[in-house]
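Heads up: the structure comes next, in structure tokens.
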Amino acid sequence: MASALGAGLIIAGKDLKLELRSRTAFLSSLAFTALVLAIFNFARDPTLISATDLAPGILWITFSFAGLLGLNRAFALELENRALEALLLAPVSRTSIYLGKAIANLVFVGLVEGVALPLFAIFFNVPILPVLGGLTLVIALATIGFVAVGTLLSAIAVSTRFAELMLPVLMLPFLVPPITGAVQVTSRLFAARPFAEMAPWLKLLAGYDIVVVVTALLIFEFTLDQ
Amino acid sequence: MSAPSLVVEGLVRGFGHVRAVRGVSFSLGRGEALAVFGPNGAGKTTLLRLLAGILRPDRGDIRIGGLPLVRESAGQRRRIGLIGHQTLCYDGLSAAENLEFFARLYGLGDPRVAALKALEEAGLSDRAAIRVGTMSRGQQQRVAIARALLHDPEIVLLDEPFTGLDQHAAAALRGQLGRLRREMRTVVLVTHNLDEGLELASHVAIQVAGRFAEFGPRSGDAAAFRTRYAEATANG
């Protein structure tokens, strides 16, 4: 029998293969990202507020909502033909199912962010290359927390009516700490502030990740109970 | 009767204020097949999902081969195969990819070979690369059976497997279900189709409002059973 992580990787591989075939969620997220960035770019008045002041907030709003579009599909896939029952019957732990979904979501959201970041740089004329290392770190930390909590809540939301509406309603309160931390670090990176100013926010992001990943692993088992 | 392969005692399961299964008990030996009949809402599917370990009972025990079925026990779950009226497969994957995915989860030696072998046994070798979502209902059901039997389970659970099948596909399915018994697997079939169930079963039960109104070996007199079924469901 596969180990928890091994089984998780098998499930993640299946989810990514299905997404690769349909590309529905990925293309929707990319279209959404491009539209949001374009609207914010043309709606702002550059004589009143500089791009570097506005950009961090817009970047993280865009990432969050684009990611949300993808998270919904994680468990919706399993409702098709009641495939979730076959998954629950397989000799793998529910932790494996969570890990598989979280890994697939991490790859999905990471890819969306990977495409969105250059678009963001173009629209807002923000030089991201000099701060790419720091930006990658903060994106990684915030995305892990986002995906960890999103995967857990999408398992809860999928069995409710209006699941696609329910996930953002459940999730947005949980996103306050990582989005706040990510915006604070990003704005300091763009302003070339010293690392010491960012360290507390990075610690917040890392702490949040640890808490939500551990909590999700502990309680995920019960989210699939009926 | 052979040594009990599946023993169920005092099974109870509710959803909120509704008791879907109320104190169901029975036992089956290897190679025996139980057909559970009942009207819609009798709790048949809930019973099957309890037997599969997908749902946790509020009370009662399920033992397979003498060992309790607990959700955490992967070894016990390996002994069960579930066939529903839906395929439990992914429409976007081919038949071979679906079976290979489940073969990997079950830790079968060579997942690709196991998947192709299962498809060959199901008579679907030429459809291996076809996406399940584009197959006919009969072919989908054969993929579903191949998926359920992939890991060679000793207990096979079937939930209304004839739903939506045409005559030809239903006849093919009857042949496959007969083979399950010849292979000495223990079968539990829930259905409201008396003809299909009686043909397969060694034991019959009538479930009404969550309870077994009747359980026992199938007698030769189908007409008498139909009368008892009509009375039980009318009174239930």
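Top to bottom, those sequences are chains V and G. Using our numbering, you'd call the opening residue of the first sequence number 1 and step up by one each time. Using our numbering, you'd call the opening residue of the second sequence number 1 and step up by one each time. Cβ coordinates follow ideal geometry from the N, Cα and C atoms, glycine included.
Starting from residue 82/V, find everything on chain G with Cβ-Cβ shorter than 7 Å and list it in chain order.
-> Correct list: 84, 86 and 88.
Taking residue 148/G as the reference, give the member of 66/G, 213/G, 35/G and 89/G with the closest Cα.
-> The residue with the shortest Cα to Cα distance from residue 148/G is 89/G.
Residue 167/G - partner residues in DSSP beta bridges | Note: residue 167/G sits in no beta bridge, so no partner.
Cα-Cα separation between residue 1/V and residue 43/V, rounded to whole angstroms = A caution first: residue 1/V carries a pLDDT of 47, below 50, which makes its placement in the model unreliable, though a value can still be read off. Near 55 Å, if we compare the C-alpha coordinates of residue 43/V and residue 1/V.
Go ahead and pull the three-state DSSP assignment for residue 4/G.
-> Here DSSP, grouped into helix, strand and coil, assigns residue 4/G to strand.
To which residues of the same chain is residue 33/G closer than 6 Å at the C-beta, ignoring the five residues directly before and after it?
-> Closer than 6 Å at Cβ, skipping near neighbours: 181, 187, 200, 201 and 202.
With 7 Å set as the bound, which would you pick, yes or no: does the beta-carbon of residue 54/G sit closer than that to a beta-carbon of chain V?
-> So yes, residue 54/G belongs to the interface.
Under 6 Å Cβ to Cβ from residue 164/G, same chain only, skipping five residues before and after it: list those, please.
-> Around residue 164/G: 137.
Check whether the stretch 44-62 of chain V touches the stretch 179-191 of chain V, counting contact only when three or more Cβ pairs, one atom from each stretch, lie closer than 8 Å.
-> Yes, they touch.
Mind listing the chain V neighbours of residue 80/G? Cutoff is C-beta to C-beta under 8 Å, in chain order.
-> By Cβ distance, chain V contributes 89.
In the DSSP assignment, find the beta strand (DSSP E) that holds residue 214/G and state where it starts and stops.
-> For residue 214/G, the enclosing beta strand (DSSP E) covers residues 211-217.
Residue(s) in a DSSP beta bridge with residue 192/G | In the DSSP assignment, no residue is bridged to residue 192/G.
What is the residue span of the beta strand (DSSP E) that residue 101/G lies within?
-> Where residue 101/G is concerned, there is no enclosing beta strand (DSSP E), although the alpha helix (DSSP H) it sits in stretches over 95-105.
Report the partner residues of residue 21/G according to the DSSP bridge assignment.
-> Bridge pairing for residue 21/G: 13/G [DSSP].
With DSSP collapsed to three states, give me the class of residue 82/G.
-> Strand, per DSSP.
Secondary structure of residue 54/G, DSSP reduced to three states | DSSP places residue 54/G in coil when its eight states are reduced to three.
Could you list which residues in chain V have their beta carbon closer than 8 Å to that of residue 91/G, in chain order?
-> Here the neighbours are 80 and 81.
Is it true that the stretch 107-124 of chain V meets the stretch 203-220 of chain V, where meeting means three or more beta-carbon pairs spaced less than 8 Å apart?
-> The stretch 107-124 of chain V vs the stretch 203-220 of chain V: no contact.
If you draw a straight line from the alpha carbon of residue 78/V to that of residue 99/G, how long is it in whole angstroms?
-> Spanning the two alpha carbons is a distance of roughly 15 Å.
Using the Cα positions of residue 131/V and residue 211/V, report the straight-line distance between them to the nearest angstrom.
-> Approximately 28 Å, taken between the alpha carbons.
C-beta atoms of residue 12/V and residue 150/V nearer than 7 Å | Contact: no.
Where does residue 198/G fall in DSSP's three states?
-> Note: residue 198/G maps to helix in three-state DSSP.
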